[in-house]
Amino acid sequence: MQRGAGATMGSFIGLTPYGSKVRVQGVDCLGRCNRGPNLRLLRSNGTFEELSYVDSVDKVYDVFTSQLGIRINQSSADCLKLNFQGNAHLDKNEVDRAIECYDKAIPLSHRGQEGVLRVMRSTAYLQRAYTHFMQFRELVEQAAQPLPDQAFLAFLQATHASSPFLVLPVLAHLSRAYQARDRLYRLTKFQFSLFEFAVHKACHDALTATHILPHFTKSWIRAGHGLRFLRRFKDAIACYRVVIQIDPGAGKDLEQEIELLEKVQRYVSKARAQGVSEESLVITLDTLGVFACS
Numbered sequence: 001m002q003r004g005a006g007a008t009m010g011s012f013i014g015l016t017p018y019g020s021k022v023r024v025q026g027v028d029c030l031g032r033c034n035r036g037p038n039l040r041l042l043r044s045n046g047t048f049e050e051l052s053y054v055d056s057v058d059k060v061y062d063v064f065t066s067q068l069g070i071r072i073n074q075s076s077a078d079c080l081k082l083n084f085q086g087n088a089h090l091d092k093n094e095v096d097r098a099i100e101c102y103d104k105a106i107p108l109s110h111r112g113q114e115g116v117l118r119v120m121r122s123t124a125y126l127q128r129a130y131t132h133f134m135q136f137r138e139l140v141e142q143a144a145q146p147l148p149d150q151a152f153l154a155f156l157q158a159t160h161a162s163s164p165f166l167v168l169p170v171l172a173h174l175s176r177a178y179q180a181r182d183r184l185y186r187l188t189k190f191q192f193s194l195f196e197f198a199v200h201k202a203c204h205d206a207l208t209a210t211h212i213l214p215h216f217t218k219s220w221i222r223a224g225h226g227l228r229f230l231r232r233f234k235d236a237i238a239c240y241r242v243v244i245q246i247d248p249g250a251g252k253d254l255e256q257e258i259e260l261l262e263k264v265q266r267y268v269s270k271a272r273a274q275g276v277s278e279e280s281l282v283i284t285l286d287t288l289g290v291f292a293c294s
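In full-length UniProt numbering, the protein residues as written are 1 to 294.
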């Protein structure tokens with residue numbers, strides 16, 4: 001299909017009323033590729049009409065209402081426009097603007113549209129979560145830089161009596177360093193909270209989509225990724241196995257993901273049996289990022 005035809009085709013499929021006699025099929029550029037996307041209307045009496053520059057949801061809406069005399073729900077058309085806008089922002093990594101479009105589109109959607117929109121918003125939230133996670137990792141590396149140990153502080157205390165003018169500037173510097181480290185710890189915790197909030201939003205959308213579109217593999221994949229981020233490895237594995245059942249062709253890549261998660265799950269179970277605290281496990285897994293999706 002020519003440039004832009006995919007979106008036009010998606011608009012026709014998305015707006016075609018359920019149960020109507022309209023059939024949508026892709027064709028070549030009809031000999032006018034510089035004026036496309038082009039459209040050929042084949043009527044029931046065998047005649048046809050060709051239209052050019054059908055390149056937006058509004059124009060597809062006009063074809064349905066003016067050319068075919070089919071009533072289309074305006075909310076469905078508005079929803080589809082917002083969906084395409086959100087997808088375009090997501091392609092440019094404009095995650096916040098993409099989420100805004102999906103937020104506006106979902107209340108306008110019918111059941112089928114809602115499932116796809118929730119998958120796309122889940123994708124956007126996972127991208128946001130990954131950005132927050134990488135920022136969290138950078139802060140952890142900064143926080144891991146060593147500060148003076150107890151032996152050095154004891155040395156300063158012993159030296160203070162004989163050389164106060166030498167020690168006082170050092171103590172002032174250390175005080176600022178410890179205050180900065182405290183701020184860094186709080187910022188690190190806040191950044192991780194942003195990460196987890198985005199993951200929870202992604203999981204909610206993806207899991208909702210699995211109920212709306214149970215045979216749509218992307219909804220299960222997004223749910224698996226989100227649950228993986230939340231360290232719910234068994235649930236993530238279950239989602240990936242559903243994908244393989246629906247589409248065996250996806251098995252090769254997902255089997256590698258499942259194998260990794262099973263190893264992590266065995267490590268977690270062994271650590272718990274040895275008395276390792278949940279907090280230590282969370283810190284280890286989150287800092288190493290072993291659950292981060294590729």
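Note that beta-carbon positions come from the ideal geometry of N, C-alpha and C, so glycine has one too. Since the structure is predicted, the reported quantities are computational estimates derived from the model, not experimental observations.
Expected contact under 8 Å - CB spacing of residue i and residue j to nearest Å
i              : j             : result
leucine 82     : lysine 104    : 5 Å
valine 264     : leucine 254   : Their Cβ separation, rounded to whole angstroms, is 15 Å, which puts valine 264 and leucine 254 out of contact at 8 Å.
glutamine 113  : cysteine 101  : That belief does not hold up - the Cβ atoms of glutamine 113 and cysteine 101 are roughly 13 Å apart, past 8 Å.
arginine 118   : aspartate 247 : Their Cβ separation, rounded to whole angstroms, is 19 Å, which puts arginine 118 and aspartate 247 out of contact at 8 Å.
isoleucine 212 : glycine 115   : 4 Å
valine 57      : leucine 80    : 5 Å
threonine 217  : alanine 238   : No, threonine 217 and alanine 238 are not in contact; Cβ-Cβ is about 14 Å, not under 8 Å.
valine 199     : leucine 230   : 6 Å
Cβ shell of residue i (< 7 Å), same chain only, five flanking positions each side left out
i             : result
aspartate 78  : Leu108
glutamine 142 : Leu184
residue 295   : Look at the range of the chain in this structure, 1 to 294, and you will see that residue 295 is not part of it.
serine 294    : Its pLDDT being 39, under 50, serine 294 is placed unreliably by the model, and the measurement read from it follows with that caveat. Same-chain partners within the cutoff: there are none.
valine 60     : Thr8, Ser11, Phe12, Leu15 and Val54
leucine 187   : Leu139
threonine 208 : Arg118
Bounding residues of the beta strand (DSSP E) (the contiguous stretch that carries residue i)
i                 : result
phenylalanine 216 : Run containing phenylalanine 216: none; DSSP gives neither H nor E here.
Terminal residues of the alpha helix (DSSP H) in which residue i lies
i             : result
leucine 68    : First-last for leucine 68: undefined, no H or E at that position.
leucine 51    : Counting along the chain, leucine 51 falls outside any alpha helix (DSSP H), though it belongs to the beta strand (DSSP E) covering 48-51.
lysine 104    : 95-105
alanine 129   : 111-143
aspartate 247 : Taken as a continuous stretch (DSSP letters only), aspartate 247 belongs to no alpha helix (DSSP H), as it is neither H nor E.
glutamine 265 : 251-273
serine 76     : 74-91
valine 60     : 57-62
Cβ shell of residue i (< 6 Å), same chain only, five flanking positions each side left out
i                 : result
leucine 39        : Leu51 and Val54
phenylalanine 133 : Phe195
Environment of residue i [buried if 16+ CB atoms lie within 10 Å]
i                 : result
histidine 215     : exposed
threonine 8       : buried
lysine 234        : exposed
alanine 274       : Per the sequence presented here, residue 274 reads as glutamine, with alanine not at that position. Its Cβ having fewer than 16 others within 10 Å, glutamine 274 is exposed.
threonine 47      : exposed
serine 76         : buried
arginine 43       : exposed
lysine 252        : exposed
glutamate 262     : exposed
phenylalanine 291 : Interpretation of phenylalanine 291 is limited by its pLDDT of 47, a score under 50 that renders its predicted location unreliable; the figure taken from the coordinates is listed afterwards. Buried, because 16 or more other Cβ atoms sit within 10 Å of the Cβ of phenylalanine 291.
alanine 236       : buried
lysine 270        : exposed
alanine 144       : exposed
serine 280        : exposed
histidine 225     : buried
arginine 272      : exposed
Cβ-based neighbour list, residue i, same chain, cut-off 8 Å, excluding 5 preceding and 5 following
i             : result
glutamine 67  : Leu41, Glu49 and Leu51
threonine 65  : Arg71 and Ile72
isoleucine 99 : Gly86, Arg121, Ala124, Tyr125 and Arg128
leucine 285   : Arg231, Val264, Val268 and Phe291
Worksheet item: Taking one C-beta from the segment 128-144 and one from the segment 189-196 each time, how about it: are there three or more such pairs within less than 8 Å?
Response: yes
Worksheet item: Using 8 Å as the Cβ pair cut-off and three pairs as the minimum, do the segment 123-130 and the segment 94-103 touch?
Response: yes
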